[in-house]
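Novice: Under this note's numbering, residues 946 to 1232 are what the sequence shown spells out, in order.
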Amino acid sequence: MQNNPRLGILLMIATTFVFAVQDGISRHLAENYNVIMIVMIRYWFFAAFVITIATRQSGSIHAAAATKQPILQITRGTLLALEICVMVSAFVLLGLVESHAIFACYPLLIAALSGPVLGEKVGWRRWVAIGIGFIGVLVILQPGYTVFAPAAVVPLAAATLFALYGLLTRYAARQDTTTTSFFWTGTSGAVVMTIAGVWFWEPLTATDWLWMGALCITGAGGHWLLIKTYEVAEASEVQPFAYLQLVFATAIGLLVFGETLRPNVAVGAAIVVAAGLFTLWRAKQTK
946 MQNNPRLGIL LMIATTFVFA VQDGISRHLA ENYNVIMIVM IRYWFFAAFV
996 ITIATRQSGS IHAAAATKQP ILQITRGTLL ALEICVMVSA FVLLGLVESH
1046 AIFACYPLLI AALSGPVLGE KVGWRRWVAI GIGFIGVLVI LQPGYTVFAP
1096 AAVVPLAAAT LFALYGLLTR YAARQDTTTT SFFWTGTSGA VVMTIAGVWF
1146 WEPLTATDWL WMGALCITGA GGHWLLIKTY EVAEASEVQP FAYLQLVFAT
1196 AIGLLVFGET LRPNVAVGAA IVVAAGLFTL WRAKQTK
């Protein structure tokens, strides 16, 4: 474990860019093929990557998989796979810009749920920030201004699933190593997605197989960069820069897919990100 915050920040920025590109590719493919099938193929590659990394770090597959809480680990992996399916669906329904603007509230959900789920103390300042953050979500959704779009619930559901995944990951870390959790994330997700995805198989064109290959590579590459990020810097130092994925995804949505950035979405996203950054800062101060 090094302590190089500057390198960690650069790696986190690269990570968010790669994940944003991955989201753009996911949107492109999901417009033409079944979402569950796309995520299934992506998980096949991801599982192979996870098994390779975890085995190298632990010495064997048995050591990497060793856990006293398999049900918890399988639940984590299933939640993440489901979250990815829901979020990719949101990309098709709402586009990258609005989906990521709403999804950006997930750190606030983690902070709000960390008390009842993990027994962590959440002070009044963070509760105020959480409340302000959800005002930002309402600014994005504009309830009562126009007919509420049911599709807007989809990225909010994805954010909730990802928040639960994050909380369970922190809970699992009390007994399991990061390598073990990473192993179960990939393998259990691959099994669940294969069981569901084989029923939705569709033939891909040669060009789209190339896009699928790019999706798999960016997925594995993003996670590799994330691992390296946490190897060289503390999470509290680099986590605020994870919000850059919203910026990069918005740029891809605007420039590649011709989406628009409505003023209420820009203002709401700014409120959500500011509230999220404050909760991260308060969490660091109270440690």
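Every residue, glycine too, gets a C-beta built ideally from N, C-alpha and C.
To the nearest whole angstrom, what separates the beta carbons of Trp-1129 and Ile-954, a pair I think is in contact under 8 Å?
Specialist: Here residue 1129 refers to the residue found at position 184 of the sequence shown. Here residue 954 refers to the residue found at position 9 of the sequence shown. Not really, about 29 Å apart at Cβ, beyond 8 Å.
Novice: Tell me the rounded alpha-carbon separation between Ala-1056 and Leu-974.
Specialist: Residue numbering aside, residue 1056 sits at position 111 when the sequence shown is read from its first letter. Residue numbering aside, residue 974 sits at position 29 when the sequence shown is read from its first letter. Using only the alpha carbons, I get a separation of about 33 Å.
Novice: Under 6 Å Cβ to Cβ from Gln-1190, same chain only, skipping five residues before and after it: list those, please.
Specialist: Stepping through the sequence shown from its first residue, residue 1190 is reached at position 245. Within the same chain, Gln-1190 has close Cβ partners Thr-961, Phe-964 and Ala-965.
Novice: Does the distance from the CB of Phe-1107 to the CB of Ile-981 come in under 8 Å?
Specialist: Walking along the sequence shown from the start, residue 1107 turns up at place 162. Walking along the sequence shown from the start, residue 981 turns up at place 36. In this structure, Ile-981 does not lie closer than 8 Å to Phe-1107 by Cβ.
Novice: Let me check understanding here. Comparing Cα to Cα, which of Ala-1187, Ala-1096, Leu-1024 and Val-1082 lies closest to Leu-1171?
Specialist: As a position in the sequence shown, residue 1171 is number 226, starting the count at 1. Of the candidates Ala-1187, Ala-1096, Leu-1024 and Val-1082, Ala-1187 places its Cα closest to the Cα of Leu-1171.
Novice: Check Gly-1134 in the structure and name its three-state DSSP category.
Specialist: Counted from its first residue, the sequence shown places residue 1134 at position 189. The answer is helix: DSSP assigns Gly-1134 an H, G or I state.
Novice: Would you call the stretch 1019-1038 and the stretch 1061-1080 touching, i.e. three or more CB-CB distances under 8 Å?
Specialist: no
Novice: Nearest to Thr-1012 by alpha carbon, out of Gln-1120, His-1168, Gly-969 and Ala-1096?
Specialist: Position 67 of the sequence shown, counted from the start, is the residue given in the question as residue 1012. Closest option to Thr-1012, Cα to Cα, is Gln-1120.
Novice: Apply the 10 Å Cβ neighbour rule to Ile-1080 and answer buried if 16 or more other Cβ atoms are within range, or exposed otherwise.
Specialist: If you number the sequence shown from 1, residue 1080 lands on position 135. With fewer than 16 other Cβ atoms within 10 Å, it is exposed.
Novice: Determine the contact status of Arg-972 and Val-1037, defining contact as a CB-CB distance below 8 Å.
Specialist: As a first step, residue 972 is located in the sequence shown; it is residue number 27 there, counting from the start. As a first step, residue 1037 is located in the sequence shown; it is residue number 92 there, counting from the start. Contact flag set, yes.
Novice: With 16 as the cutoff for other CB atoms within 10 Å, does Arg-987 come out buried or exposed?
Specialist: Within the sequence shown, residue 987 is the residue found at index 42, counting from 1. So Arg-987 counts as buried.
Novice: Have a look at Thr-1122, Leu-1027, Phe-990 and Ala-999 and flag the residue whose alpha-carbon is nearest the alpha-carbon of Gln-893.
Specialist: There is simply no residue 893 to check, as the chain begins at 946 and stops at 1232 in what is shown.
Novice: Closest by CA to Ala-992, which one among Ala-1103, Gly-1134 and Ile-1162?
Specialist: Taking the sequence shown and counting its residues from 1, one reaches residue 992 at position 47. Looking from the CA of Ala-992, the closest CA among Ala-1103, Gly-1134 and Ile-1162 belongs to Gly-1134.
Novice: Between the C-alpha atoms of Trp-989 and Ala-1104, what's the straight-line distance to the nearest angstrom?
Specialist: Locating residue 989 in the sequence shown gives position 44, counting from the first residue. Locating residue 1104 in the sequence shown gives position 159, counting from the first residue. Distance between the alpha carbons of Trp-989 and Ala-1104 is about 24 Å.
Novice: Would you identify the three-state DSSP class for Asp-1014, choosing helix, strand or coil?
Specialist: For the purposes of this step, residue 1014 is identified with residue 69 of the sequence shown, where counting begins at 1. The question names Asp, yet the displayed sequence has Gln at residue 1014. Correct three-state label for Gln-1014: coil.
Novice: Please state if the CB of Val-1084 and the CB of Gly-1164 are separated by a distance shorter than 8 Å.
Specialist: Taking the first residue of the sequence shown as position 1, residue 1164 is located at position 219. Taking the first residue of the sequence shown as position 1, residue 1084 is located at position 139. Cβ atoms of Gly-1164 and Val-1084: not closer than 8 Å.
Novice: Measuring straight from C-alpha to C-alpha, what distance separates Pro-1148 and Cys-1161?
Specialist: Taking the first residue of the sequence shown as position 1, residue 1148 is located at position 203. Taking the first residue of the sequence shown as position 1, residue 1161 is located at position 216. In a straight line, the C-alpha of Pro-1148 is about 17 Å away from that of Cys-1161.
Novice: So, Tyr-1116 versus Leu-1017, is the Cβ gap smaller than 8 Å?
Specialist: In the sequence shown, counting from the first residue as 1, residue 1116 sits at position 171. In the sequence shown, counting from the first residue as 1, residue 1017 sits at position 72. A contact, by the Cβ cut-off of 8 Å.
Novice: Per DSSP, what kind of secondary structure is Ala-965 in: helix, strand or coil?
Specialist: Counted from its first residue, the sequence shown places residue 965 at position 20. The answer is helix: DSSP assigns Ala-965 an H, G or I state.
Novice: If you run the structure through DSSP and keep just helix, strand and coil, what is Cys-1050?
Specialist: Working through the sequence shown from its first residue, we reach residue 1050 at position 105. In the structure shown, Cys-1050 sits in coil (DSSP, three-state: anything other than H, G, I, E or B).
Novice: Under 7 Å Cβ to Cβ from Thr-1091, same chain only, skipping five residues before and after it: list those, please.
Specialist: Walking along the sequence shown from the start, residue 1091 turns up at place 146. Note that Thr-1091 scores a pLDDT of 48, beneath 50, so its modelled location is shaky and nothing firm can be said.
Novice: In whole angstroms, give me the CA-to-CA distance for Gly-969 and Trp-1156.
Specialist: Sequence index remark: in the sequence shown, residue 969 carries index 24 (1-based). Sequence index remark: in the sequence shown, residue 1156 carries index 211 (1-based). Rounded to whole angstroms, the separation of the alpha carbons of Trp-1156 and Gly-969 is 11 Å.
Novice: Helix, strand or coil for Gly-1004 per DSSP?
Specialist: Translated into positions along the sequence shown, residue 1004 becomes position 59. In the structure shown, Gly-1004 sits in coil (DSSP, three-state: anything other than H, G, I, E or B).
Novice: Measuring CA to CA, which of Leu-956, Tyr-978 and Ser-1003 is closest to Thr-1150?
Specialist: What you label residue 1150 is simply residue 205 of the sequence shown in a count that begins at 1. Taking only the C-alpha atoms, the option nearest Thr-1150 is Tyr-978.
Novice: Can you tell which of Leu-1027, Asn-949, Gly-1068 and Leu-1039 has the C-alpha that lies nearest to the C-alpha of Trp-1226?
Specialist: Within the sequence shown, the letter at position 281 stands for residue 1226. With distances taken between Cα atoms, Trp-1226 lies closest to Gly-1068.
Novice: Rounded to whole angstroms, what's the CA-CA distance from Asp-1153 to Ser-1005? Just pull it up for me.
Specialist: Within the sequence shown, the letter at position 208 stands for residue 1153. Within the sequence shown, the letter at position 60 stands for residue 1005. Spanning the two alpha carbons is a distance of roughly 35 Å.
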